[in-house]
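Asks: One structure, as structure tokens, below. Some questions next.
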Amino acid sequence: MEEYSIDSFSIDDINKGKIILVDKPIRWTSFDVVKYIRKSLQLKFKMKKIKVGHAGTLDPLATGLLIICIGKQTKSISEYQNLSKTYTGKFKLGESTLSYDAETDVNEKFKYEHITFDDLKRLADEFIGRNMQKPPIFSAIKKDGKRLYEYARENKEIDIDEREIDIYNFEIIDFVSPYVDFKIECSKGTYIRSIANDFGKRLNSGSYLYELRRTKIGDFCVLNAMDIK
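Last residue of the sequence shown: 261 (the numbering used here), numbering continuous.
Next comes the structure, spelled out in structure tokens:
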């Protein structure tokens, strides 16, 4: 994988617009990547304003593909956001968290010894297709002018509207109890954390998202992405 280098950019890239693929490191926010690239370009070209944006957020604990749009390409961000997404990762059975991932502490434990590999594969098939999904309260979606995570941090209960999503493919790759390795291809706006939480409930247990990596956005692949260090 190529490492991100400012030397690969020319002033034409800024004037005409450019997209680059970045493999987001763990614990970086998507906006951290945007700021890092914008700052490096501003320093190289001695420009105060350079438009830089990303086409689809990844949570800080997730890694993988970000499409970064520079200059005039920022006008195409919505087109890239609408593309399908492919993820790989792990669920951890027998536990749940308020954020549905490892960002918050385990808040409840469940039995999971009854769950088999066949149970997992059968249930994954049931998720394929159009579904209504409730986003996690620890998310950046706005309700009544506030981000949902702000309500969560204030310990306020709030009704969260469900959204329609589409899951095109859901494979169970491996199962070494209590960890479930999966691959999911889905539509824009799908929260894999919510799938993890719902998956555990439907197994008469609990589950949260233990690891997540975005490998594809449409035909763009993380194997062609730059590494930021």
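Ideal Cβ placement from N, Cα and C applies to all residues, glycine included. Bear in mind that the values here come from a model prediction, so they are computed numbers and not experimental data.
1. What did DSSP end up calling E243 once you bin it into helix, strand or coil?
2. Ordered along the chain, which non-local residues of its own chain (more than five positions away) have a Cβ less than 7 Å from that of D64?
3. So is D91 buried or exposed if we call it buried at 16+ other beta carbons inside 10 Å?
4. To the nearest whole angstrom, what separates the beta carbons of Y262 and T247, a pair I think is in contact under 8 Å?
5. I'd like to check one pair, V212 with K122: are the Cβ atoms closer than 8 Å?
6. Can you grab the Cα-Cα spacing for the pair S40 / K67, in whole Å?
7. What do you get for R225, buried or exposed, if any count of 16 or more other CB atoms within 10 angstroms of its CB means buried?
8. Could you name each continuous beta strand (DSSP E) segment of 3 residues or more that falls completely within the region 38-79, going from the start of the chain to the end?
9. From S108 to D45, what does the alpha carbon distance come to, in whole angstroms?
10. According to DSSP, what are the bridge partners of Y119?
11. Could you check where the beta strand (DSSP E) with F170 kicks off and where it finishes?
12. Identify, in the order they occur along the chain, each residue of the same chain with its Cβ nearer than 6 Å to the Cβ of G88, setting aside the five sequence neighbours on each side.
13. Assign G96 to buried or exposed, taking buried as 16 or more other Cβ atoms, counted over all protein chains shown, within 10 Å of its Cβ.
14. Got a sec, what are the start and stop residues for the beta strand (DSSP E) I100 sits in?
15. Please go through the same chain and pick out, in chain order, the residues whose beta-carbon is closer than 7 Å to the beta-carbon of E243, but skip the five residues on each side of it.
16. Which stretch, first to last residue, makes up the alpha helix (DSSP H) that contains I227?
17. Measure from the alpha carbon of D151 to the alpha carbon of each residue in S116, I100 and F207, then state which is nearest.
18. Would you tell me roughly how many angstroms separate the C-alpha atoms of I260 and Y223, rounded to the nearest one?
19. Within 10 angstroms of the Cβ of S209, are there 16 or more other Cβ atoms? Answer buried if so, exposed if not.
20. Thinking E194 and K175 are a contact (beta carbons under 8 Å), I'd like their distance in whole angstroms, please.
21. Rounded to a whole number of angstroms, what is the C-alpha to C-alpha distance between T148 and A156?
Replies: A quick look at the data gives this:
1. For the purposes of this step, residue 243 is taken as the residue at position 211 of the sequence shown. Here E243 sits in strand by DSSP.
2. Walking along the sequence shown from the start, residue 64 turns up at place 32. Contacts found: none.
3. Taking the sequence shown and counting its residues from 1, the one referred to as residue 91 is at position 59. Buried.
4. Summary: the structure shown does not reach residue 262, with the chain confined to residues 33 through 261, and so no result is reported for it.
5. As a position in the sequence shown, residue 122 is number 90, starting the count at 1. As a position in the sequence shown, residue 212 is number 180, starting the count at 1. Closer than 8 Å, so yes.
6. As a first step, residue 40 is located in the sequence shown; it is residue number 8 there, counting from the start. As a first step, residue 67 is located in the sequence shown; it is residue number 35 there, counting from the start. Rounded to whole angstroms, S40 to K67 spans 18 Å at the Cα level.
7. The count along the sequence shown starts at 1 and reaches residue 225 at position 193. By the 10 Å Cβ count, R225 comes out buried.
8. 50-56
9. The residue you call residue 108 lines up with position 76 of the sequence shown. The residue you call residue 45 lines up with position 13 of the sequence shown. Computed Cα separation, rounded: 15 Å.
10. If you number the sequence shown from 1, residue 119 lands on position 87. According to DSSP, which records beta bridges pairwise, Y119 is partnered with I216 and R246.
11. Along the sequence shown, read from residue 1 onward, the residue named residue 170 stands at position 138. Element bounds for F170: n/a, residue is neither H nor E.
12. Counted from its first residue, the sequence shown places residue 88 at position 56. Cβ within range, chain order: Q113.
13. Along the sequence shown, read from residue 1 onward, the residue named residue 96 stands at position 64. It is buried - the Cβ of G96 has at least 16 other Cβ atoms within 10 Å.
14. The residue given as residue 100 occupies position 68 in the sequence shown. Note, I100: beta strand (DSSP E), T95 to I102.
15. Here residue 243 refers to the residue found at position 211 when the sequence shown is read from its first residue. Excluding positions up to five away in sequence, the list reads G121 and K122.
16. Residue numbering aside, residue 227 sits at position 195 when the sequence shown is read from its first letter. It spans I224 to R234 - the alpha helix (DSSP H) in which I227 sits, taken as one unbroken run.
17. Here residue 151 is taken as the residue at index 119 of the sequence shown, counted from 1. Considering only alpha carbons, the answer is F207.
18. Residue 260 sits at position 228 when you count from the first residue of the sequence shown. Residue 223 sits at position 191 when you count from the first residue of the sequence shown. Rounded to the nearest angstrom, the two C-alpha atoms are 25 Å apart.
19. The residue given as residue 209 occupies position 177 in the sequence shown. S209 should be labelled exposed.
20. Walking along the sequence shown from the start, residue 194 turns up at place 162. Walking along the sequence shown from the start, residue 175 turns up at place 143. With a Cβ gap of about 13 Å, E194 and K175 do not count as contacting.
21. Taking the sequence shown and counting its residues from 1, the one referred to as residue 148 is at position 116. Taking the sequence shown and counting its residues from 1, the one referred to as residue 156 is at position 124. Per the coordinates, the alpha-carbon of T148 lies some 13 Å from the alpha-carbon of A156.
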